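A.B. asks: Following the numbering used here, the residues of the sequence shown are numbered contiguously, the last one being 605. If you scroll down you'll find the structure; I have some questions about it.
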Amino acid sequence: MPPNEAAQQWLVLFDTFVIIPRELLWQGDYENRLSLKTIIEALPPSAAWDALNEEILKRKANEENPFQEESLRLLISVLRGDVASRKASLAKIGTLAKNTKNANERQRYELNVETFINSLELAASSGADKMAAFSKILTTEENRLKKGSSTNEDLDSYSNDFDIPDLLQNAKEEAVTPLIVRSLKLNTKLNVEGNLTRRLTAKLALKHIDKLKQPLWNLVETKDEILLYEAMSKKFTTKEDSSWEKNKADTVYFLNLIAEDRSDDAAKFVRDLLKQDKQQDFSLEWGEIEEMQRQGFGTQVLAFLQRMLTEDPTLPFWKAYIEFSAHEGDSPKAVTFMRESLTKLDASAPARAEIESHLYEALLAADQVDEGIEMLKALIKSGPRAGKVDDKSLIDEMKKKWEQLNIAVSDDVFDRVGANVFGEKSNGEEEHIRLAEKLVKLGVLLERPELVQEGISTAIASYQKISLESYSRTNLLQEIVSLLVELKRGPEAEKLVIDEMVFLAQPKSDQSYGSNDDNEALTTLAWIYSQAGRSADIVKMLDSVSSWNASDLSQLVNNSFGNEPLLLIAAQALADQGKVDEARLVARHAIHSFPQKDAGYAL
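Here is the structure:
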């Protein structure tokens, strides 16, 4: 494309973006929502920047929004490295902010403009200039926090965090240190770029622990931050924290205590942690296991886990113990240890059920496949085991549903909601379904159809017992449907969804998500038809089924089966039925909401 044409098209895109109402911008997929950031990312290549500059200079003044035109001039001056033009635009924007008549508007503009200017200076500079630009940003943030106002009120994404760039790339430690110490005094979270700068920040946080207004758990990443973790835990004793950063820091600290041969401290730490209700699901993820093994501490961790499980078999470490054993080549020993542990427990002991729920995994890892399958079948036959809800699955479902409703929710909000929701009891159907799905996959792998059938029957029966209030209900239905379609059992998947729709149509005393349940079931049915090439049935369903509770497809933009939006399923079905114009119209809407999906562009 010629440079002048590329420049003109980008300006058309920009002008279209600025007139779209905010409520429309906030529709669609949260992570891929149209924003100023995506408009900037759509800029033409550098070969077109001179042409873009010429086009911007030709534009008439915008009296209603002079900031808009001057911001374009500022942007192109930064892109082209035109220092004089950049400074002139920055000065003019500052003047426009100061001349705003409304006092509240003026203060808001001045704060936003100051942040914007400083951020541009930081991005466009290097060396000493970058240090000076960061110092300005830091001063602005200090002033903002003193005034108790938000400089980010009108930006695309609001954040309470403060970003520290990789300062050690631009200056020596003695020059960087004062700026980091000032940053540590801010009452906000810090995001630090660059490994060396992060290490220095952690080191200074420990030295100036008295200046911290809140814990900075994200600085705890290696054994070098053990003392920082302990200092922050001591300083912030009264603040309950269930954030992702705190949970990760807990795990880093715990594992590195073991690596440092402080097993007694590690044992006390984990016992204290597990006394807190919100931490009852504390466990080790595979990535953490792999990292400890990579560092050569697999044997120490395995020995520690066996010690802890010997002392208290109810601890949530059996899965990690099995995985560590498998990757250390000790699966047979793990099976022996688990069996010995069972012999020491009464039949009614809670720990017995915990061990039995994991023994089949150890048997499979030790290549004792037949016995492992029999143990898994016995576990399934015993029925759902009531217990605590799977917090991770629950929060994932909460995020999915809220994003489908176009609600932008920060991790802090999820932490607060999670603190209220987590700890609830489950009747065990969800875990029962997971076990049944494992049996199905083993049956496929071993070419044993009787295992496949047993697993599917169990999964469906357990699903039908799940409360309508469960956040995981829709996700589990889609899991079972995906499994059935993968096994080329589409008619069974169709029947399952139709039965679900009949069930939803019946009057009930308990609460549910209302019409959203119907929409999700219909979307699942549309996906099944798409996999079977039944495009005519999809179009008929969209045209004639009233329980969509929507006047047209634009109101169903948030409906999806897994990662496949209903809009794209519908567009493909319309195209297959020869309704090309309608298909393109729906595809264009899908591209707006899901710009990362190639299928929309293909249509």
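C-beta: ideal position from N, C-alpha, C; glycine also. This structure is a prediction, so every number in the text was calculated from the model and none was measured.
Starting from the C-beta of Thr199, find all residues in its chain whose C-beta is less than 6 Å away, skip the five residues before and the five after it, and write them out in chain order.
C.D. replies: For the purposes of this step, residue 199 is taken as the residue at position 197 of the sequence shown. Only Asp168, Leu169, Leu170 meet the Cβ criterion.
A.B. asks: Using three-state DSSP, classify Ala367 as helix, strand or coil.
C.D. replies: Along the sequence shown, read from residue 1 onward, the residue named residue 367 stands at position 365. Note: Ala367 maps to helix in three-state DSSP.
A.B. asks: How is Glu522 classed by DSSP in three states: helix, strand or coil?
C.D. replies: Here residue 522 refers to the residue found at position 520 when the sequence shown is read from its first residue. In this structure, Glu522 counts as helix in the three-state DSSP scheme.
A.B. asks: So if DSSP puts Gln562 in a beta bridge, which residue, or which two residues, is it bridged to?
C.D. replies: For this step, residue 562 is matched to residue 560 along the sequence shown. According to the sequence provided, residue 562 is Ser. The question's Gln does not apply to it. Answer is Pro567, bridged to Ser562.
A.B. asks: What residues match up with Ile166 in a beta bridge as DSSP calls it?
C.D. replies: On the sequence shown, residue 166 is found 164 positions in, with the first residue counted as 1. For Ile166, which the question treats as bridged, DSSP gives the partners Val194.
A.B. asks: In the structure shown, what three-state DSSP assignment does Phe596 receive?
C.D. replies: As a first step, residue 596 must be located in the sequence shown, where it is residue number 594. Correct three-state label for Phe596: coil.
A.B. asks: DSSP three-state call for Phe22: helix, strand or coil?
C.D. replies: Locating residue 22 in the sequence shown gives position 20, where the first residue counts as 1. Note on identity: in this sequence residue 22 is Ile, with Phe being the wrong assignment. Of the three classes helix, strand and coil, the one that applies to Ile22 here is coil, per DSSP.
A.B. asks: Check for me: the alpha helix (DSSP H) holding Val446 runs from which residue to which?
C.D. replies: Numbered from 1 along the sequence shown, position 444 holds the residue referred to as residue 446. Where Val446 is concerned, the enclosing alpha helix (DSSP H) stretches over 431 to 447.
A.B. asks: Exposed or buried, what is Gln598 when buried is set at 16 or more other beta-carbons lying within 10 Å of its beta-carbon?
C.D. replies: By one-based count along the sequence shown, residue 598 stands at place 596. Looking at its Cβ environment, which holds fewer than 16 other Cβ atoms inside 10 Å, Gln598 is exposed.
A.B. asks: Put His329 into one of helix, strand or coil per three-state DSSP.
C.D. replies: The sequence position of residue 329 within the sequence shown is 327, counting from 1. Correct three-state label for His329: helix.
A.B. asks: Give me, in chain order, the residues of the same chain whose beta-carbon lies closer than 8 Å to that of Leu381; leave out the 5 immediate sequence neighbours on both sides.
C.D. replies: Here the question's residue 381 lines up with position 379 in the sequence shown. Answer for Leu381: Glu358, Ser359, Tyr362, Leu437, listed in chain order.
A.B. asks: Beta carbon of Leu644, beta carbon of Ile228: below 9 Å?
C.D. replies: There is no way to answer for residue 644, as the model of the chain reaches only from 3 to 605.
A.B. asks: Taking the straight line between their C-alpha atoms, what separation do you get for Ala410 and Ser464?
C.D. replies: Taking the sequence shown and counting its residues from 1, the one referred to as residue 410 is at position 408. Taking the sequence shown and counting its residues from 1, the one referred to as residue 464 is at position 462. Because Ala410 sits at a pLDDT of 47, beneath the cut-off of 50, its placement in the model cannot be relied upon, and the point is left open.
A.B. asks: If contacts are defined as beta-carbon pairs under 8 Å, then Asn197 and Lys132 qualify, I think. What distance do you get, rounded to the angstrom?
C.D. replies: For the purposes of this step, residue 197 is taken as residue 195 along the sequence shown, with counting starting at 1. For the purposes of this step, residue 132 is taken as residue 130 along the sequence shown, with counting starting at 1. Incorrect: roughly 18 Å between the Cβ atoms, too far for contact.
A.B. asks: Are there 16 or more other CB atoms within 10 angstroms of the CB of Leu77, so buried, or fewer, so exposed?
C.D. replies: What you label residue 77 is simply residue 75 of the sequence shown in a count that begins at 1. Leu77 comes out buried.
A.B. asks: Quick one: Cα of Trp320 to Cα of Ala251, how far?
C.D. replies: Here residue 320 refers to the residue found at position 318 of the sequence shown. Here residue 251 refers to the residue found at position 249 of the sequence shown. Straight-line Cα distance between these residues: approximately 21 Å.
A.B. asks: Could you have a look at Ser469 and say whether DSSP puts it in helix, strand or coil?
C.D. replies: Here residue 469 is taken as the residue at index 467 of the sequence shown, counted from 1. Looking at Ser469 - three-state DSSP - the assignment turns out to be coil, as it is neither helix nor strand.
A.B. asks: Report the option in Leu186, Ser327, Leu317, Ala336 whose CA atom is closest to the CA atom of Glu356.
C.D. replies: One-based indexing of the sequence shown puts residue 356 at position 354. Checked all of Leu186, Ser327, Leu317, Ala336; the closest Cα to Glu356 is Leu317.
A.B. asks: Would Trp529 and Gly580 qualify as a contact pair, given that the criterion is a beta-carbon distance under 9 Å?
C.D. replies: Here residue 529 refers to the residue found at position 527 when the sequence shown is read from its first residue. Here residue 580 refers to the residue found at position 578 when the sequence shown is read from its first residue. Result no, Cβ atoms of Trp529 and Gly580 do not sit closer than 9 Å.
A.B. asks: Quick one, are the C-beta atoms of Ala364 and Met340 less than 9 Å apart?
C.D. replies: Locating residue 364 in the sequence shown gives position 362, where the first residue counts as 1. Locating residue 340 in the sequence shown gives position 338, where the first residue counts as 1. Against a cut-off of 9 Å, the Cβ pair of Met340 and Ala364 comes out as a contact.
A.B. asks: Does the stretch 292 to 311 come close enough to the stretch 264 to 279 that 3 or more CB-CB pairs lie under 8 Å?
C.D. replies: With a cut-off of 8 Å, the stretch 292 to 311 and the stretch 264 to 279 count as touching, because enough Cβ pairs lie within range.
A.B. asks: Could you tell me the boundaries of the alpha helix (DSSP H) in which Val541 lies?
C.D. replies: Sequence index remark: in the sequence shown, residue 541 carries index 539 (1-based). Element bounds for Val541: 537 to 546.
A.B. asks: Does any residue of chain B bring its CB to less than 9 Å from the CB of Ile593?
C.D. replies: Of the protein chains in the structure, only one exists, and it is not chain B.
A.B. asks: Using a Cβ-Cβ cut-off of 7 Å (strictly less than) and excluding sequence neighbours within five positions of Ala44, which residues of its own chain qualify?
C.D. replies: Translated into the one-based positions of the sequence shown, residue 44 becomes position 42. Closer than 7 Å at Cβ, skipping near neighbours: Trp12, Leu15.
A.B. asks: Thinking Val541 and Leu576 are a contact (beta carbons under 8 Å), I'd like their distance in whole angstroms, please.
C.D. replies: By one-based count along the sequence shown, residue 541 stands at place 539. By one-based count along the sequence shown, residue 576 stands at place 574. Indeed they touch by this definition, with Cβ atoms about 6 Å apart.
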